[in-house]
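Asker: If you scroll down you'll find the structure; I have some questions about it.
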Amino acid sequence: MVLFPAFVQNGRFSLAHRRTPSSTAHLDSLPAHTAATVLPTGSSFDTSYSEAGKLGLEPAPHVVVPLTPRSDFDSSLSRSTSRAVRRPEEVKRQNETEQDRLQGLMRSATIRRIESREEKAGEEGDRWLRAKVWLRQDGPSALVLLVWLLLQLGFFAVGVVRYDLNRNFSNARAIFGSTYVIARSAAFVLHIDVVFILLPICRNLVTLLRRTALNKAIPFDESVEFHKVVAWSLVFWTAVHTIAHLFNSWWLGAKLATTATAALLLALDTNFTTGPFLTGWIMLVLLGVMAFFAVEKRRRPHFQRFYWSHHLFIPFFVLWQFHGMFCMINWTQIGVFWMYWILGGLVYIGERILREIRSRHRTYLSKVVVHPSNVIELRIKKEKTPRVRPGQYIMICCPSVSYWQWHPFTLTSAPEEDFLSVHIRVVGDWTRQLAIVLGCEQDKELLSEEWTREKLLSPSVIRPLPRVMVDGPFGTATEDVLKYEVTVLVGAGIGVTPFAAILKHIWYRLKDPDRDPLDQKLRKVYFFWICRDAESFEWFRDLLHSLEEQDVDGRIEIHTYLTATIKAHDMLNIFANDVGSDRDAITQLRAPTHYGRPNWDRIFASIAAEHPASEVGVFFCGPKPLSTTLYKMCIKHTTGEAGRTRFTFSKERF
């Protein structure tokens with residue numbers, strides 16, 4: 001049961017029904033035995049509790065409404081396209097259905113706990129089937145991680161055998177003991193890690209490889225995650241190498257000194273006066289700084305610190321080469337570090353050179369649009385733009401902010417358009433500086449103050465837009481949307497941007513009568529957009545309107561969700577302007593806005609029932625908690641049985 005406040009008269013409901021697109025509202029009459037109050041023409045339904053008393057309406061403490069039945073829930077996902085032919089009883093039935101849908105405005109915590117217990121109870125099933133589904137969903141990623149761990153342990157074991165049994169190291173083993181073997185074996189694994197540390201961040205290489213048959217076995221879309229795995233492997237083996245050598249310095253001091261104090265002083269002198277230890281400590285500091293600012297909670301709000309600190313890898317690698325030279329018997333000999341670094345290093349240098357060449361192509365900003373909720377849209381014209389695919393992203397640099405910083409942004413323009421567009425959320429230090437350079441902060445002042453025509457035309461207001469440099473586009477998992485029979489697109493907030501380009505691409509196909517609007521394999525698209533505030537829906541409202549008008553066959557379903565807490569007076573306006581209307585009060589779409597978080601268990605069950613024996617691709621861009629939920633739903637509603645729906649989950653990654 002769900003509780004929400006309402007107004008009643010004589011113990012009966014008064015249901016609102018909007019007859020005009022204006023804010024004026026009336027109350028439809030119920031059957032003859034119900035006495036409903038009708039507001040005077042032209043009066044607003046946005047009333048407070050005190051104003052409601054003047055109209056003869058008494059505020060009821062709470063009204064108990066049962067949870068929406070499954071059939072009513074499914075029927076509430078769509079609206080009638082014509083109201084002129086509807087009968088009064090149809091309007092009443094629609095009102096009741098819409099009222100049940102709007103119950104999410106005031107959802108109680110008790111209901112959330114009850115639903116949570118039901119979801120946990122429903123997740124219990126055949127563990128073997130769940131394991132098979134998990135292997136199919138995450139098998140390639142798990143296999144790559146397992147192979148990597150085995151490689152780490154295998155090379156460490158090879159190092160132990162080599163340095164423990166080789167006669168050339170017998171004197172060192174006699175002085176330092178087993179810690180010498182551990183230190184040298186860890187160094188051997190570190191050299192192997194250097195081979196792979198740069199390759200995953202070579203975006204052009206990854207984009208090229210994901211278009212090959214290898215993409216079926218190796219998840220190239222998770223290249224950044226693999227880079228993190230290699231980086232933390234470097235941190236781990238560096239710690240092992242450092243701790244082992246600290247013991248070695250103590251054993252050396254103990255061999256050469258007669259007292260414990262003298263041994264400690266000799267160990268300290270060895271740590272800060274010899275080449276291997278001195279370069280090692282500097283490298284350890286550089287690696288610690290890179291790892292500290294690479295943690296996500298520091299990287300996202302302070303990207304500049306992460307960006308510049310990560311470039312410490314250059315002196316880190318240089319010192320690594322000298323570190324190996326100092327460790328040789330004759331320090332004039334060249335170390336072996338370069339032999340391991342050369343492959344990834346050359347590919348990375350080639351990537352940077354290619355970026356510089358492509359960024360020199362002429363580009364200019366054709367339009368800047370300031371959207372609600374601190375979002376900026378950039379429309380960019382560029383010569384020699386490679387073929388763009390829906391769902392790809394580009395790297396953008398604004399020299400007026402920083403010549404060296406490049407940031408990834410998903411393309412929101414379709415391949416059919418003659419420009420590149422991106423939507424940027426102003427949340428970090430670089431994006432805030434970009435907004436200032438573009439004059440978007442000044443636009444807010446124009447809206448908040450009275451500006452005369454002379455002020456608007458002054459040189460301080462009208463100024464040329466800054467130059468931007470573009471590299472890309474690069475591929476992501478979202479490119480595979482058209483490869484499935486049924487596609488589910490889920491965007492949370494600004495995470496809707498990858499799917500805007502896909503929906504635009506479909507819209508252009510819908511306009512062309514000579515082309516199939518969707519690929520032959522794709523039959524249905526479900527689009528879910530979850531926002532915290534209603535203003536965010538304005539970012540792509542025109543696009544969604546156009547899709548609704550062009551999609552006469554109903555191949556695209558649009559579902560919007562508003563998760564913010566609704567105030568009492570806003571709730572009354574929604575009831576007055578939404579219930580029974582052709583258009584939603586928030587988005588002005590025929591598809592209704594749902595209030596509260598989606599019931600993903602019910603949604604996935606409905607899709608599975610609607611599309612049996614189908615391959616459903618679920619694509620998501622947004623926060624991690626929701627990603628985890630969708631991933632669990634894909635596993636829960638996928639079975640290994642023949643003739644059942646299979647869900648495949650993909651998340652947008654940069």
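Under full-length UniProt numbering, the residues of the sequence shown are numbered 1 to 654, in order. Note that the Cβ used here is the ideal one computed from N, Cα and C, for glycine as well. Note that the coordinates shown come from a computational prediction; the quantities given were computed from them, not determined experimentally.
(1) Among D471, A492 and T497, which one has its Cα closest to the Cα of T478?
(2) Roughly how many whole angstroms lie between the Cα atoms of T563 and I192?
(3) Quick one, which of I530, S536, F537 and D480 has its alpha-carbon nearest L522's?
(4) Specify, as a first and last residue, the run of the alpha helix (DSSP H) that T560 falls within.
(5) Which residues in the same chain have their Cβ closer than 6 Å to the Cβ of K384, if we skip the five residues on either side of it in sequence?
(6) Counting C-beta neighbours from all protein chains within 10 Å, is the total for A263 16 or more, i.e. buried, or is it exposed?
(7) Is V468 closer than 8 Å to L626 when the C-beta atoms are compared?
(8) If you reduce the DSSP assignment to three classes, tell me which class E377 lands in.
(9) Do you know whose CA, among Y403, F277, A414 and W529, lies nearest P592's CA?
(10) Which one or two residues does DSSP pair with H407 in a beta bridge?
(11) In the segment 213 to 238, which residue ranges form an unbroken alpha helix (DSSP H) of at least 4 residues, counting only runs that do not cross its ends?
(12) According to DSSP, which residues form a beta bridge with R646?
(13) Checking 8 Å against the spacing of the C-beta atoms, do F537 and I586 come in under that value?
(14) Decide if the segment 366 to 381 is in contact with the segment 616 to 626; the criterion is three or more beta carbon pairs, one per stretch, under 8 Å apart.
(15) So what does DSSP say about V257, is it helix, strand or coil?
(16) Would you report the Cα separation of A605 and T279, rounded to the nearest angstrom?
(17) Distance check for V194 and P372, CA to CA, integer angstroms please.
(18) With distances taken from CA atoms, which of W237, M290 and F313 is nearest F303?
(19) Check for me: the beta strand (DSSP E) holding G350 runs from which residue to which?
(20) Considering only the alpha carbon of each residue, which of D429, S185 and A608 lies closest to R305?
(21) Taking the C-alpha atoms as reference points, what is the distance between F169 and R184?
(22) Give the straight-line distance between the Cα atoms of E548 and L589, rounded to the nearest whole angstrom.
(23) Since Y526 is in the beta strand (DSSP E), which residue starts that stretch and which ends it?
(24) Could you compute how far the alpha carbon of G439 sits from the alpha carbon of L465?
(25) Going by C-alpha distance, which of K636, R173 and L234 is nearest G288?
(26) On the DSSP bridge list, what partners appear for T593?
(27) Comparing C-alpha positions only, which one of Y180, N599 and L190 sits nearest to G154?
(28) Give me the residue from K511, R389 and P399 with the minimum Cα distance to L482.
(29) With distances taken between CB atoms, is the gap from I436 to I376 smaller than 8 Å?
(30) In the DSSP assignment, what residue or residues form a beta bridge with Y484?
(31) State the DSSP-derived secondary structure class of R425, mapped to helix, strand or coil.
(32) Would you identify the three-state DSSP class for L465, choosing helix, strand or coil?
(33) For a test of the three-state rule: what should DSSP assign to H505, helix, strand or coil?
(34) Using 10 angstroms around the beta-carbon of K636, count the other beta-carbons present and answer buried if the total reaches 16, otherwise exposed.
(35) How about I396 and V422: do their beta carbons lie closer than 8 Å?
(36) Taking buried to mean at least 16 other C-beta atoms within 10 Å of its own C-beta, is T212 buried or exposed?
Answerer: Checking against the coordinates, here is how it stands:
(1) One-based indexing of the sequence shown puts residue 478 at position 478. Of D471, A492 and T497, the residue nearest in Cα terms is T497.
(2) For the purposes of this step, residue 563 is identified with residue 563 of the sequence shown, where counting begins at 1. For the purposes of this step, residue 192 is identified with residue 192 of the sequence shown, where counting begins at 1. T563 and I192: Cα-Cα distance of roughly 48 Å.
(3) Position 522 of the sequence shown holds residue 522. For the residues I530, S536, F537 and D480, the minimum Cα distance to L522 belongs to D480.
(4) Here residue 560 refers to the residue found at position 560 of the sequence shown. Counting along the chain, T560 falls outside any alpha helix (DSSP H), though it belongs to the beta strand (DSSP E) covering I556 to L562.
(5) On the sequence shown, residue 384 is found 384 positions in, with the first residue counted as 1. Cβ neighbours of K384 beyond the five flanking positions: H361.
(6) Counting from one through the sequence shown, the residue named residue 263 turns up at place 263. By the 10 Å Cβ count, A263 comes out buried.
(7) In the sequence shown, residue 626 corresponds to position 626, counting from 1. In the sequence shown, residue 468 corresponds to position 468, counting from 1. Judged by their CB atoms, L626 and V468 are not nearer to each other than the 8 Å cut-off.
(8) Within the sequence shown, numbered from 1, the residue matching residue 377 stands at position 377. If DSSP states are grouped into helix, strand and coil, E377 belongs with the strands.
(9) Against the sequence shown, residue 592 aligns to sequence position 592. When each option's Cα is compared against that of P592, the closest is W529.
(10) Position 407 of the sequence shown, counted from the first residue, corresponds to residue 407. The partner list for H407 (beta bridge, DSSP) reads I396.
(11) none
(12) For the purposes of this step, residue 646 is taken as residue 646 along the sequence shown, with counting starting at 1. In the DSSP output, where bridge partners are listed per residue, R646 has E615.
(13) Along the sequence shown, read from residue 1 onward, the residue named residue 537 stands at position 537. Along the sequence shown, read from residue 1 onward, the residue named residue 586 stands at position 586. Yes, the pair counts as a contact, with Cβ atoms nearer than the cut-off.
(14) no
(15) Indexing the sequence shown from 1 puts residue 257 at position 257. The sequence given here has Ala at residue 257, not Val. Note: A257 maps to coil in three-state DSSP.
(16) For the purposes of this step, residue 605 is taken as the residue at position 605 of the sequence shown. For the purposes of this step, residue 279 is taken as the residue at position 279 of the sequence shown. Going from the Cα of A605 to the Cα of T279 covers about 59 Å.
(17) Position 372 of the sequence shown, counted from the first residue, corresponds to residue 372. Position 194 of the sequence shown, counted from the first residue, corresponds to residue 194. Roughly 45 Å between the two C-alpha positions.
(18) As a first step, residue 303 is located in the sequence shown; it is residue number 303 there, counting from the start. If we check each option's Cα against that of F303, M290 comes out closest.
(19) Taking the first residue of the sequence shown as 1, we reach residue 350 at position 350. Element bounds for G350: not the beta strand (DSSP E) but the alpha helix (DSSP H), F337 to S359.
(20) Within the sequence shown, residue 305 is the residue found at index 305, counting from 1. Looking at the Cα atoms, D429 is the closest of the given residues.
(21) The sequence position of residue 169 within the sequence shown is 169, counting from 1. The sequence position of residue 184 within the sequence shown is 184, counting from 1. Rounded to whole angstroms, F169 to R184 spans 11 Å at the Cα level.
(22) Taking the first residue of the sequence shown as 1, we reach residue 548 at position 548. Taking the first residue of the sequence shown as 1, we reach residue 589 at position 589. So the alpha carbons of these two residues sit roughly 8 Å apart.
(23) The residue given as residue 526 occupies position 526 in the sequence shown. Run containing Y526: K524 to C531, per the beta strand (DSSP E) assignment.
(24) For the purposes of this step, residue 439 is taken as the residue at position 439 of the sequence shown. For the purposes of this step, residue 465 is taken as the residue at position 465 of the sequence shown. In a straight line, the C-alpha of G439 is about 9 Å away from that of L465.
(25) If you number the sequence shown from 1, residue 288 lands on position 288. When the alpha-carbon of G288 is set against those of K636, R173 and L234, the nearest one is in L234.
(26) As a first step, residue 593 is located in the sequence shown; it is residue number 593 there, counting from the start. Answer is T560.
(27) The residue labelled residue 154 in the question sits at position 154 within the sequence shown. Closest by alpha carbon: L190.
(28) Position 482 of the sequence shown, counting from 1, holds the residue named residue 482. When only C-alpha atoms are compared, the closest one is R389.
(29) To locate residue 436, count along the sequence shown from 1; it is residue 436. To locate residue 376, count along the sequence shown from 1; it is residue 376. Going by C-beta atoms, I436 is not nearer than 8 Å to I376.
(30) Locating residue 484 in the sequence shown gives position 484, counting from the first residue. Partner(s): none; Y484 has no beta bridge.
(31) Walking along the sequence shown from the start, residue 425 turns up at place 425. Of the three classes helix, strand and coil, the one that applies to R425 here is strand, per DSSP.
(32) Locating residue 465 in the sequence shown gives position 465, where the first residue counts as 1. Three-state DSSP puts L465 in coil, outside helix and strand.
(33) Taking the first residue of the sequence shown as position 1, residue 505 is located at position 505. Correct three-state label for H505: helix.
(34) Along the sequence shown, read from residue 1 onward, the residue named residue 636 stands at position 636. K636 comes out buried.
(35) Residue mapping note: residue 396 aligns to position 396 of the sequence shown, counting from 1. Residue mapping note: residue 422 aligns to position 422 of the sequence shown, counting from 1. In terms of Cβ geometry, I396 and V422 form a close pair [threshold 8 Å].
(36) Numbered from 1 along the sequence shown, position 212 holds the residue referred to as residue 212. Flag for T212 reads exposed.
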